[in-house]
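Note that the protein sequences, when read in sequence, are chains A and B. Note that my numbering has the first sequence beginning at 14, numbered continuously upward. Note that my numbering has the second sequence beginning at 127, numbered continuously upward. These notes are about the structure you will find just below.
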Amino acid sequence: MNHQPKIETSPPVADEIRQTTCYMCACRCGINVHLRGGEVSYIEGNRDHPVNRGVLCAKGSAGIMQHKSPARLRAPLLRTGPRGSGQFREISWDEALDLAVEWLAPIREKNPEKLAFFTGRDQSQSFTGWWAQQFGTPNYAAHGGFCSVNMAAAGIYTMGGAFWEFGQPDWERTKMFMIFGVAEDHDSNPIKMGLGRLKERGAKVVGVNPVRSGYNAIADEWVGITPGTDGLFILALVHELLKAGKVDLDYLSRYTNAGYLVQSDPESPDFGLFLRNDDDEPLVLDRRSGTVKAWNEAGVQPELGKTWTDAQGQAHKPVFMLLAERYLDPAYGPEAVAERTGVTTVTIRRLAAELAHTAFEEEIVIDQPWTDFRGQRHETMIGRPVAFHAMRGISAHSNGFQTCRALHLLQILLGSVEVPGGFRFKPPYPKPVEAHPTPHVGVTPGAPLNGPHLGFVRGPEHLAMKDDGSPARIDKAFTWENPMSAHGLMHMVVSNAHAGDPYKVDALFMYMANMAWNSSMNTRGVMDMLTDTDLETGEYVIPKLIYADSYSSEMVAFADLVLPDTTYLERHDCISLLDRPICEADAVADSIRWPVVEPDRDVRGFQTVLVQLGARLGLPGFVTDAGEPAFEDYADYMVNHQRRPGVGPLAGWRGEDESGAGRGAPNPGQLDRYIANGGFWMEHVPEEALYFKPWNQAYQDWAVEKAFFDKPQPYVFSIYVETMARFQQAARGHGERQPPEHLRARILETLDPLPCWWEPLEEQAVSHSDFPLHAITQRPAAMYHSWGSQNAWLRQIHGHNPLYVPTAVWKAQGFAEGDWALVTSPHGAITVPVARMDALNPQTVWTWNAIGKRKGAWALDPDAPEAKKGFLLNHLIHELLPPKGDGLRWSNSDPVTGQAAWYDLRVRIEKTGPPADAASLPETETQASPVGQGPATIRFGHEEG
Amino acid sequence: MTTLPATTEKKLGLAIDLDTCVGCHACVISCKEWNTSNYGAPLSDTDAYGADPVGSFLNRVHTFEVTPDLGEAEKQVIGETPIAQVVHFPKSCLHCEDAPCVTVCPTGASYKRTEDGIVLVNEDDCIGCGLCAWACPYGAREMDPVEQVMKKCTLCVDRIYNENLPEEDREPACVRTCPAGARHFGDFADPDSNVSQLVAERGGISLMEEQGTRPVNQYLPPRQKTLADLAAKNSGFQGGCGTALAAEAKDAPGFFGWLDRALDKMG
C-alpha cells in the first residue's frame with residue numbers, strides 16, 4: 014500500500030517577528046524572534062545583520078529554553094540562611110532598593126573605595142563604569158582580567174587594536190589563515206562563517222592548539238602545540254623569516270616604529286627610551302641625508318640597521334636593529350624550541366616558508382588609489398594575504414601578554430595588518446594608546462572619581478597607588494606587580510578583600526560573574542572567603558554582598574541581597590561604540606536589545622536598576638539639578654545620555670532630522686528607528702578608506718566625521734613599546750616612582766619592550782617530575798560559560814565532561830573506558846572520569862569548561878550529571894602561586910597585565926577506583942534553590958497556555 | 127508492508143560537507159526548535175532538568191577520531207603529537223530511494239513522497255511499534271519519549287514550500303542556520319543543481335552504500351590531510367613538507383649587510 018496523505022506545506026509561521034540582539038554568548042548576533050499568541054515561538058538569525066548575516070549557532074537557537082529557563086529568578090531576594098545556603102525570602106523592589114541605598118549611601122559619604130563594584134560578562138561597560146565613576150569608587154572593572162586582557166592590551170599597545178571586537182581576517186581575500194588557541198565560543202559565528210568562506214575558496218587553514226576540536230578539526234594542518242609555548246613557536250617563525258630576509262621593509266619603514274632610534278648605552282639613565290627632538294617627536298636616522306630627523310618629516314627614509322652615535326658618543330640603535338639582533342640569535346631558532354613546543358624543526362621551517370611564500374609571492378594588488386597621512390598618494394592597495402586570529406589559549410598564561418605581542422610582531426613583519434588579504438580593524442578601531450584614557454583612582458568622599466577607572470598607562474607616573482605607595486585599587490591593578498593591567502583583576506577581588514590586602518571593603522556589588530564557582534580560581538577557597546566570619550564580631554569578613562543575575566547561579570547563594578535581572582528578550586541594551594562594538598571591517602555598526610516580550614516575573618533589567626539606584630543615591634548625572642531622577646530607565650539613558658556634546662551611547666539616527674551618524678543631538682525617536690531597522694545601525698566605510706586605516710587620510714577624516722575621535726590621529730605601530738622601557742628604567746633605579754626591591758628583577762625581565770618568552774610562572778615554581786602534565790579547558794561551541802546547563806536542549810549535547818587524556822598517558826596508566834583518575838595539582842586534587850583522545854598534545858589533559866555545577870544551582874536536580882559527575886578544573890588552580898618562602902603573596906597572573914593564568918596549570922594523574930556513588934570529587938554541599946527545580950517534561954510548541 | 131514509489135519527480139536532500147563542519151551543533155538545535163512546534167507532535171524532552179534527560183532530535187552530530195599509524199619518517203615531520211583527525215558527522219534521515227523504514231511499516235504511516243522523495247511519517251497512522259527505527263541502518267529515526275510516535279527529519283517540508291516564508295527562507299532550518307555553510311539543500315535528480323554539482327566536484331559519497339538503501343543525502347568527504355598534502359594545500363606553494371627558507375645571512379653582521387642592500391633598492 015502507498016497512501017500519501019495531503020499535508021499542510023504552508024502553515025502560518027508567526028503572528029509577528031521582532032528583531033533584536035542575541036545574548037546567548039558574546040557574539041551579539043542579530044535575531045528574528047517569532048511570536049505566536051504573544052509568546053516566543055522560534056528564533057532565527059537576521060539575514061541583514063552585519064555580525065551573523067542570517068546564521069545562528071546552537072546557543073542562539075536554544076535561546077527559547079534560556080528565556081523559559083526554570084532557573085530564572087522571580088523577585089528580589091533577601092538572604093535568610095547563612096551565606097552559601099541559598100535560603101532567601103522574596104522582597105519587593107522598593108525594599109530591595111531601600112536596602113541597597115542603606116548599605117551604599119554611607120560608604121559613598123565616608124569612603125567610596127569601600128565599595129568594590131565588578132560586573133563580569135557585562136556588555137554595558139561604558140554605562141556600568143560611568144555609574145561606578147559617579148559613585149566615586151576606584152574599584153570597578155569587568156571580567157577582562159580573567160578573560161583576555163593580555164590579548165586586548167598587547168593589541169592596543171602594539172597596533173591600536175587586537176582580535177575579535179577590534180578586528181578580523183580579510184576573509185574574502187586571505188590565502189593562508191593561522192588560528193591560535195581559540196575558544197570555540199568567542200566570535201564564533203563570524204569565525205565559522207569565515208572558515209566556510211576560506212574552505213570554499215581553497216585557502217589554507219592552520220590551527221595551533223593543544224587540542225584538536227572544533228575549528229582545529231577542520232584545519233588543513235593542525236599544530237598540536239604544548240601549552241604556554243606559543244610565544245617560542247611564533248618567535249622561531251620570526252627567526253626564520255628574518256634569516257631569509259622575508260620581511261616587508263617598505264611597510265616597516267612607513268608604518269611602524271622600526272626606524273625609531275633607541276638609546277642603547279646601558280649606562281645612560283635613558284637607556285631603552287627613544288631619542289626625541291625638542292617637540293618630543295621620536296627621531297630616526299635618515300638614510301638620504303645621514304642625519305637624524307623627526308620620524309614624520311616629509312621624505313624621510315629611516316635607517317633600520319645602523320647605529321647612530323651622538324655628539325656625546327652615546328649609541329642609538331634603530332628598533333629594527335635591536336629586534337634583528339635579538340631574534341636572529343640561535344636561541345630563537347627552531348632547534349632551540351622544537352622539543353619544548355612539541356613542534357618539529359621541519360614543521361616550523363616549512364610554515365615559515367609558506368607564510369613567506371603567501372605574503373610575498375601571492376601578493377594582492379587592488380586598483381584603489383589612497384593617500385597616506387604624510388600626504389603621499391598611492392595608486393594601488395598592496396596586500397599580503399596571510400591572516401591570523403587568536404584568543405584565550407595564548408593569552409591566559411603568565412607569559413600571555415608577550416606571546417600576544419609576538420604574534421602581532423609576526424603579523425607586522427609580514428606587512429599583513431590593515432592590508433588586503435591580511436588582518437583588518439573594525440571601526441572605531443584602530444586607535445592608538447594615546448587615544449585611550451589613563452587609569453584614575455582619585456577618591457573624594459561624596460563625589461565622583463576623578464576620571465575613568467580603566468585605561469592604558471604610559472609609564473610609572475600612571476600607576477594607581479596611594480601616597481604611601483600602597484595599591485589604590487582592591488584588585489591591585491596598575492601596580493608594580495602588574496603595571497599594564499588595562500582591564501583590572503576581577504579574579505583577585507574576593508581574595509584581596511578577604512585578606513584585607515591592600516585594604517578591607519564594606520560591600521561587594523557584582524553583576525553576572527559566577528565568582529563562587531566557575532569564574533574563580535580556587536573555587537572552594539573563594540566560597541570559604543565569602544562565608545568566613547570575623548572571630549571577634551561574628552560578622553562576615555566581607556560584610557555586604559549584593560549580586561545581580563538573571564538565573565539561580567552558584568554566586569546567587571552567597572549574596573545578602575539579590576537583584577533579579579531579566580532575560581535577554583525582556584530588556585533594553587545598547588551595544589555601543591563607546592564600548593565593545595559590533596562593527597565589521599567594512600562598516601561601523603551598533604545595536605540594541607529591546608523587550609520583545611515583557612517579563613512575567615518581578616524582575617528588572619540590571620542597567621535600569623542602576624539608573625534607579627543612581628537616582629536614589631543622588632549620583633551626579635543620575636539626578637537633575639532639581640534632584641529628580643535624570644532618566645526613567647536604561648532606554649531613556651540610551652537615547653538621552655551624552656558622553657560628549659552630540660555623542661551618546663547610540664550612533665545612529667541622531668539629531669532632530671535623524672540624519673546624524675555618530676554625531677547629533679539626542680533624538681527621542683531613536684529607538685523606534687533602530688527597531689524598524691532590525692535592531693541595529695550600520696554605515697559602510699568609504700572605498701578609499703577600507704584599508705591602511707591608521708595611515709589613510711580618507712579613513713581618518715571619516716572617523717572624525719563619525720565621532721570615533723575628534724581630530725585625525727594617524728600613528729605608527731609599536732614593534733617596540735616604549736612604555737615598557739619606562740618601567741624597566743624605573744626598575745634600574747631611575748625616576749621618582751620606584752618599584753619595591755623584590756620586584757625590580759622581575760620588571761626588568763618581563764616588561765621587555767620587545768616580545769620575549771619566559772617559562773610560565775607556575776611551571777617555574779613546581780617540579781616537572783611531580784606534575785608532568787598541562788591541564789587546560791576548552792569551551793564547547795554549544796555552551797557559554799555556566800549558562801548552558803540550565804538549558805534543556807543544550808545540556809543534552811554537553812551534559813558530561815570527562816577529562817580527556819592523551820594516548821600515551823592513557824596506555825601508560827592502563828586506563829579503560831569508564832575509568833576514573835585522581836588528578837593532583839600543587840594546590841589540590843579532584844577525582845574525575847577520563848576518556849581517551851588521540852588528537853591531543855601528548856603532555857596535555859583537558860576538559861570542557863564550566864559544565865560542572867554545584868548541587869541545587871540552576872534549577873537542576875541535584876542528581877543531574879552536571880552536579881554529580883561534572884567537575885571543574887578550578888579546584889586545582891590557585892589565585893596565588895605556591896609560596897616561595899619570602900612571606901609575599903604572588904598572584905597567579907601575568908606580571909605585565911595581571912591576566913589570570915588559568916592555562917598554566919600543571920598536574921599529575923593516577924588511575925583510581927570510582928568514587929562512591931560515581932560522583933566526582935570534591936563534593937560540594939547542596940545549595941537550596943530559591944526557584945525550585947525545573948519541570949520533568951517539556952513539550953515545547955504544544956504546551957497548554 | 128508499505129510500498130515505495132518506483133520513482134520520484136525530484137530527489138530533494140542534503141549535501142553535507144565534512145571538510146567544513148566544525149561540530150557546533152547549530153543545525154541540531156535549529157532543527158529541534160523549528161520542528162518541535164511545527165510538523166506533527168512536539169519533540170519532547172523527559173527528565174529535562176534531571177539525572178537522565180532524554181529528548182527526541184531529528185538531527186544529531188557525532189564526533190569521532192581517525193588516527194593513522196605513522197612511520198618513522200613521518201614522525202620526523204610531525205613529532206610525537208599524533209596526526210589524528212577529528213571528524214564531526216551530522217546525521218539525519220537520508221531520504222533513501224530504497225528506504226527500508228518505509229517498506230517495513232505495518233500501517234503505511236511511513237511513506238516516501240512521489241513529488242520530491244521526502245520520507246515522512248503520517249503520525250495519525252503511526253502505532254509507535256518502532257519497526258522502522260530497527261530497519262533503518264543509520265539510526266536516523268527516534269521514538270518521541272512522550273508522544274510515542276516515530277519522529278524523523280521532514281526536510282522541513284513545512285518550510286521549503288511555505289508561502290508564508292520569504293522565498294530565500296524556503297530551505298530546511300538546519301541549512302539556513304549553519305554558520306560554516308556546511309549544509310546544502312537541493313534536488314539530486316537535477317544534474318545541474320547546486321548539490322549535484324558539489325557532489326561531482328568533491329567526490330560526494332553515499333553513506334554505507336553496501337546497505338543498498340540508495341540514500342539521497344550525500345556527504346562531501348574531508349579533504350585529505352595526509353603528510354604529503356600539508357604544504358600542498360597552500361595555493362601556489364610548490365614546496366613539500368621539508369621546505370625551508372634559504373637564509374640570506376648566517377649571522378647578524380651578514381644580515382645587516384643584506385638589509386643595507388635591500389634598503390638601497392627601495393630607494
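We treat Cβ as the ideally placed atom computed from N, Cα and C, and that holds for glycine. Predicted model, so just to flag it, every value in this text is computed and none were measured.
Please look up how many angstroms separate the CB atoms of residue i and residue j, rounded, as I've assumed it's under 8 Å.
i, j, result
"residue 220/A", "residue 247/A", "The Cβ separation is near 15 Å, so there is no contact."
"residue 469/A", "residue 130/A", "At roughly 21 Å, the Cβ-Cβ gap does not stay under 8 Å, so residue 469/A and residue 130/A are not in contact."
"residue 257/A", "residue 265/A", "So it is not a contact: roughly 15 Å between Cβ atoms."
"residue 319/B", "residue 330/B", "Between residue 330/B and residue 319/B the Cβ distance is about 12 Å, and since that is not below 8 Å, they are no contact."
Please go through the same chain and pick out, in chain order, the residues whose beta-carbon is closer than 8 Å to the beta-carbon of residue i, but skip the five residues on each side of it.
i, result
"residue 580/A", "79, 80, 82, 85, 563, 612"
"residue 265/B", "217, 259"
Compare the C-beta of residue i with all C-beta atoms of chain B and state if any pair is closer than 8 Å.
i, result
"residue 376/A", "no"
"residue 187/A", "no"
"residue 927/A", "no"
"residue 359/A", "yes"
"residue 948/A", "yes"
"residue 199/A", "no"
Strictly below 9 Å CB to CB, what residues from chain A border residue i?
i, result
"residue 181/B", "805, 806, 809, 951"
"residue 329/B", "Simply none; closest approach about 15 Å."
Counting only Cβ pairs nearer than 9 Å, list the residues of chain B close to residue i.
i, result
"residue 263/A", "392"
"residue 24/A", "164, 165, 284, 288, 290"
List the residues of chain A whose Cβ lies closer than 7 Å to the Cβ of residue i, in chain order.
i, result
"residue 248/B", "18"
"residue 239/B", "17"
Between which two residues does the beta strand (DSSP E) harbouring residue i extend?
i, result
"residue 52/A", "52 to 58"
"residue 791/A", "786 to 791"
"residue 32/A", "29 to 34"
"residue 587/A", "586 to 588"
By Cβ distance, which residues of its chain are closer than 7 Å to residue i, with the 5 residues on each side in sequence left out?
i, result
"residue 609/A", "31, 33, 46, 582"
"residue 536/A", "530, 885, 887, 888"
"residue 255/B", "232"
In terms of residues, what are the limits of the alpha helix (DSSP H) holding residue i?
i, result
"residue 203/B", "198 to 204"
"residue 123/A", "106 to 123"
"residue 512/A", "506 to 512"
"residue 144/B", "Neither: residue 144/B is in no alpha helix (DSSP H) and is coded neither H nor E."
"residue 249/A", "243 to 256"
"residue 539/A", "536 to 544"
"residue 363/A", "358 to 369"
"residue 211/B", "Residue 211/B -> not in any alpha helix (DSSP H); beta strand (DSSP E) instead, spanning 211 to 218."
"residue 201/A", "201 to 214"
"residue 76/A", "76 to 80"
Can you list, in chain order, the residues of its chain whose CB lies under 6 Å from that of residue i, leaving out five sequence neighbours each side?
i, result
"residue 814/A", "860, 861, 864, 883"
"residue 615/A", "88"
"residue 351/A", "357, 358"
"residue 957/A", "Here the model assigns residue 957/A a pLDDT of 44, short of 50, so the residue's position is not dependable, and the following value carries that caveat. If we look at residue 957/A and ignore the five residues flanking it on each side, it has no Cβ neighbours."
"residue 653/A", "679"
"residue 340/B", "222, 223, 224"
Can you find a heavy atom of the ligand ADP that lies under 7 Å from the Cβ of residue i?
i, result
"residue 612/A", "The model depicted lacks the ligand ADP and carries no ligand whatsoever."
For residue i, would you say it is in contact with chain A, using Cβ-to-Cβ distances shorter than 8 Å as the test?
i, result
"residue 342/B", "no"
"residue 158/B", "yes"
"residue 149/B", "yes"
"residue 354/B", "Residue placement at residue 354/B is flagged as unreliable, the pLDDT there being 49, under the threshold of 50; a coordinate-derived value is accordingly withheld."
Which residues in chain A sit within 8 Å of residue i, going by Cβ to Cβ distance?
i, result
"residue 382/B", "318, 319, 334, 337"
What does residue i touch in chain B if you count any residue whose Cβ is under 7 Å from its own?
i, result
"residue 769/A", "Residues of chain B passing the Cβ test: none, with the nearest at roughly 17 Å."
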